[in-house]
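**Q**
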Amino acid sequence: KLKALTGLSSSEFVRSQRLKLATQILSQSDINISEVGYSVGFNDHAYFTKCFRETYNCTPSEFAKKV
């Protein structure tokens, strides 16, 4: 049902929500990038950066500098 509603699998949906929360945290605070990744549920900094780049076409640190 989730896929029919969102077009995303359950894991893709959860990942997208985590990344969306990460953008909010990055734009509202000066928390370390690794801490942001861990706080939204990514256990691996490299994987967090990879997913973030795939979704937003920039790294988390590049995003933080823009806002």
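If you count the sequence shown from 1, position 66 lands on 69 in our numbering, and the numbers rise without skipping.
Glycine included, each C-beta is placed from N, C-alpha and C at the ideal position.
1. Extract the residue ranges of the alpha helix (DSSP H) inside the segment 14 to 58, only unbroken runs of 4 or more that lie entirely within it.
2. Going by beta-carbon coordinates alone, are Val43 and Pro63 separated by less than 8 Å?
3. So, with DSSP's three-state summary, where would you put Leu8?
4. Just the Cα atoms here: how many angstroms apart are His48 and Phe55?
5. By Cβ distance below 8 Å, which residues in the same chain neighbour Tyr59 in space, the five residues on each side in sequence not counted?
6. Confirm the yes/no value for this check: CB of Asn35, any heavy atom of the ligand NAD, distance under 7 Å.
**A** Quick answer:
1. DSSP runs (the alpha helix (DSSP H)) wholly in the segment 14 to 58: 36 to 42.
2. Stepping through the sequence shown from its first residue, residue 43 is reached at position 40. Stepping through the sequence shown from its first residue, residue 63 is reached at position 60. Annotated as distal: Val43 and Pro63, with beta-carbon spacing of 8 Å or more.
3. Counted from its first residue, the sequence shown places residue 8 at position 5. Per DSSP, reduced to three states, the secondary structure at Leu8 is helical.
4. Locating residue 48 in the sequence shown gives position 45, counting from the first residue. Locating residue 55 in the sequence shown gives position 52, counting from the first residue. Cα to Cα, the separation comes out at about 10 Å.
5. By one-based count along the sequence shown, residue 59 stands at place 56. Only residues of its own chain outside the window of five on either side were considered, and among them Leu22, Thr26, Phe66 have a CB closer than 8 Å to the CB of Tyr59, listed in chain order.
6. The ligand content of the structure shown is nil, which means the ligand NAD is not present either.
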